[in-house]
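For reference, each letter of the sequence shown is one residue, going 12 to 334 in the working numbering. Think of the CB as a built atom: it goes at the ideal place given N, C-alpha and C, for glycine as much as any other residue. Quantities reported herein were computed from a predicted structural model and do not represent experimental measurements.
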Amino acid sequence: MANKIKKIGILTSGGDGPGMNAAIRSAVRYSLHFGLEVAGIMRGYQGLMENDIMPLNHRSVSNIINRGGTILKTARSKEFATTDGVARAADILRRNNIDALVAIGGDGTYKGASCLYENHGIAVVGLPGTIDNDLNGTDQTIGCSTAINTALESIDKIRDTAQSMERIFVVEVMGNRSGYIAMEVALAAGAEDVIIPERSFDYETMYKGIKEGNAKGKISWIIVVAEGAARAQVVAENITKSIGLETRYVVLGHVQRGGTPSGQDRILSTRLGAAAVDLLLNGIYGRAVGVLQDKINVVELKDATRRVHEDMGRRYDLLKILT
Ligand code: F6P
């Protein structure tokens, strides 16, 4: 199919993730290389609704590959998430002569992009930008690797004080409805237990294990909790109530979303930014790009929105064997 695209728009939407800037840089410079014009849409779909759009050139994306956050800023737009909102957004894209859109974000961003494509014929490609790693068609989403490293660095520090003061720590990590970050962090930190939404958790068995371990002289525990499974505070209080040992809880929160992107995130973003533009240049729309088994992978946007990791049970068993 002959390529009709002359100008592409780029936006980041939903929760930011380290590596989004590297993706913007790649998509912008790759587009310019092929003679396309590029428009940066500020604050995701919200900025689009407000016509907050500016031209981007080679220099606009200088020195951002190593920066967390997103230079385009991001938001969660309630206004866009309505039938009228999507129609208005499509109209604003047309009025700005934007022929195609690269939407970087998580499942909400993909749902919006899918609507723009299915209902209004906008040429859209989605790029998986979320720390949660909960999208189909890609082994990892942009930001996840950095978020895991950030959480891990904190947990290593928590372990120092946990051991010194002989305490049980319950650490809550992000992930929305996914336990992926929690599971990876727990494995990498050598945590004693992990509570995730993907598998039911037997609290009585955990209490019994802590009691028995303590009787044998074990003095500290790190228990990782995915935010989508339980609240760290409640888990910690219940441990103290059930077995009388001293606990502390830590909610790592938004610290996991910031910081210098890891090498893995920068490379993933750089490959995906270019791959998204390649699709548009080839007249392939309504898709999401990812990297699966080291190769660029393309799936329908509407199939990419929700991923359930299937290996969680085996990873949990491994964690328990190694504890
Ligand atoms: O989707 C990314 C994420 O960081 C989730 O892990 C978390 O549940 C959510 O966003 C937090 O959203 P907000 O920044 O709007 O509080």
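Residue of Gly301, His69, Ala286, Ile169 minimising C-alpha distance to Thr149: It is Gly301 whose Cα lies nearest to the Cα of Thr149.
The segment 212 to 222 / the segment 246 to 255 touching (three or more Cβ pairs under 8 Å): Judged by Cβ distances under 8 Å, the segment 212 to 222 makes contact with the segment 246 to 255, as three or more pairs qualify.
Cα-Cα separation, Gln57 to Leu303: A straight line joining the alpha-carbon of Gln57 with that of Leu303 spans about 31 Å.
Environment of Thr94 [buried if 16+ CB atoms lie within 10 Å]: A residue is called buried when at least 16 other Cβ atoms come within 10 angstroms of its Cβ; Thr94 does not meet this threshold and is exposed.
Between the CA atoms of Asp145 and Arg326 - distance to the nearest angstrom: One C-alpha to the other measures close to 17 Å.
Segment limits, beta strand (DSSP E) that includes Met65: For Met65, the uninterrupted beta strand (DSSP E) run begins and ends at 64 to 66, by DSSP.
Under the three-state DSSP convention, the category Tyr327 falls into: When DSSP states are grouped into helix, strand and coil, Tyr327 belongs to the helix group.
Heavy atom of the ligand F6P within 7 Å of Gly255 beta-carbon: Flag unset: Cβ of Gly255 not near the ligand F6P.
Identity of the residue in Ala315, Ile169, Glu321, His44 nearest Gly116 by Cα: Looking at the Cα atoms, Ala315 is the closest of the given residues.
Ala50 in three-state terms, based on DSSP: In this structure, Ala50 counts as strand in the three-state DSSP scheme.
Glu164 versus Ile109 - alpha carbon distance: Glu164 and Ile109 have their C-alpha atoms spaced approximately 42 Å apart.
Burial state of Tyr214 (16 or more Cβ within 10 Å): Exposed, by the Cβ-count rule.
For Ala111: DSSP bridge partner residues: Paired residues: Ile19, Ala134.
Host alpha helix (DSSP H) of Asp167 (start-end): 155 to 175 is the extent of the alpha helix (DSSP H) around Asp167.
In DSSP terms, what Ala101 is bridged to: Answer is none; Ala101 lacks a bridge partner.
6 Å Cβ shell around Val39 - same chain, five flanking residues per side excluded: Val49, Leu67, Val72, listed in sequence order.
Selection from Lys306, Ala243, Pro208 that minimises the alpha carbon distance to Glu321: Closest by alpha carbon: Pro208.
Touching by the beta-carbon criterion (3+ pairs, under 8 Å), the segment 195 to 202 and the segment 278 to 296: Touching, no, given that fewer than three Cβ pairs across the two stretches are closer than 8 Å.
Any non-hydrogen atom of the ligand F6P within 7 Å of Glu183 CB: Glu183: no, Cβ never under 7 Å from the ligand F6P.
Glu238 Cβ short of 7 Å to the ligand F6P heavy atom set: Glu238 Cβ: within cutoff of the ligand F6P.
Candidates Ile82, Val266, Arg106: closest to Glu183 by CA position: Considering only Ile82, Val266, Arg106, the residue with the shortest C-alpha distance to Glu183 is Val266.
CB contact flag (Met53, Leu83, <8 Å): For Met53 and Leu83, yes; Cβs fall inside 8 Å.
Sufficient close CB pairs (3 or more, under 8 Å) joining the segment 231 to 238 to the segment 267 to 276: In the pairwise beta carbon analysis, the segment 231 to 238 is classified as not touching the segment 267 to 276: fewer than three pairs are separated by under 8 Å.
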